[in-house]
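A short worksheet on the structure shown next.
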Amino acid sequence: MSRKKSSKKTTAMKLSENTCPVCGFDKLAEPPRNKTGGASFEICTCCGFQFGVTDDDKGLSYNDYREQWIAQGMPWSSQSKKAPKGWDPQAQLGSMALRATLKRVKGRPPRMSLQMA
Ligand SMILES: [Zn+2]
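Using numbering that gives the first Met the number 0, you'd call the opening residue of the sequence shown number 0 and step up by one each time.
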């Protein structure tokens, strides 16, 4: 069970477990899903996605919701918490996409060439 300790901290590319899979906001109070898949029911202060409700009850996928959020101009969602200083939703999304891509490419090399949406 010491899997985590064996990897050296040589890179800052580690994807935090407390990162919102919708918008890439990395300061969630809890991971959106625990190890058994249970939802946290936390509402992302950034995009407003509620894990276990927006997805399970409303049937929206992370991708669906992300598209809507981007279409709305990527507004900060929480009214009680302010956006972090210098918050940049585009940079946040970009770094999430980059990390997700790197992770995917590492684990399973894509067979097809790039698909542009
Ligand atoms: Zn979010």
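For glycine and all other residues, C-beta sits at the position ideal for the given N, C-alpha and C.
Is the beta carbon of residue i less than 9 Å from the beta carbon of residue j?
{"i": "residue 95", "j": "residue 45", "result": "no"}
{"i": "residue 55", "j": "residue 38", "result": "yes"}
{"i": "residue 75", "j": "residue 84", "result": "no"}
{"i": "residue 50", "j": "residue 68", "result": "no"}
{"i": "residue 61", "j": "residue 30", "result": "no"}
I want to see whether chain B comes within less than 9 Å of residue i, judged by CB atoms only; does it?
{"i": "residue 35", "result": "The displayed structure is made up of one protein chain only, and chain B is not part of it."}
According to DSSP, is residue i helix, strand or coil?
{"i": "residue 82", "result": "coil"}
{"i": "residue 40", "result": "coil"}
{"i": "residue 89", "result": "helix"}
{"i": "residue 19", "result": "coil"}
{"i": "residue 68", "result": "helix"}
{"i": "residue 6", "result": "Confidence at residue 6 is low in this model, with a pLDDT of 45, below 50, so its placement is unreliable and no value can be given for it."}
_Quiz: which residues have CB nearer than 6 Å to ligand 1 non-hydrogen atoms_ = 19, 21, 22, 24, 43, 45, 46 and 48
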